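One structure below.
Residue numbers (our numbering): 0 to 107.
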């Protein structure tokens, strides 16, 4: 589960793509005109009982969604918990590969 926090407001989002450095999301309520490329947002992430907040930068706007990038540090030099997010990305990749192997009936 993911929510974006921008200008003091929390917006639930659906995740469409995940990589080690970011994700592509669409807000449940639809796009917000105020969210632009290079805006900074907090991204609340909840996965398998682990809940944390990442500092994100909007890198792209397309298909009514937002491409988010998670830098190692914010502008003030504070660390971003990207390693926690990286573990989620790796777990999702393993699960995806395992499911593909089952569909293709290849040995694991």
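Every residue gets a Cβ at the ideal spot worked out from N, C-alpha and C, and that includes glycine.
Only a predicted model underlies this, so the values are computations on that prediction, with no experimental measurement involved.
Query	Result
Spatial neighbours of residue 43 in its chain, beta-carbon cut-off 6 Å, leaving aside the 5 residues before and after	2, 52
Extent of the continuous beta strand (DSSP E) run through residue 9	8-18
Every unbroken beta strand (DSSP E) inside the stretch 26-95 [3 residues or more]	39-46, 49-61, 64-68
Pairwise C-alpha distance: residue 0 and residue 49	10 Å
Rounded C-alpha distance that separates residue 71 from residue 58	15 Å
Length of the line joining the Cα atoms of residue 67 and residue 19	11 Å
Nearest-angstrom Cα separation, counted from residue 81 out to residue 64	21 Å
Alpha carbon of residue 55 to alpha carbon of residue 27, nearest angstrom	18 Å
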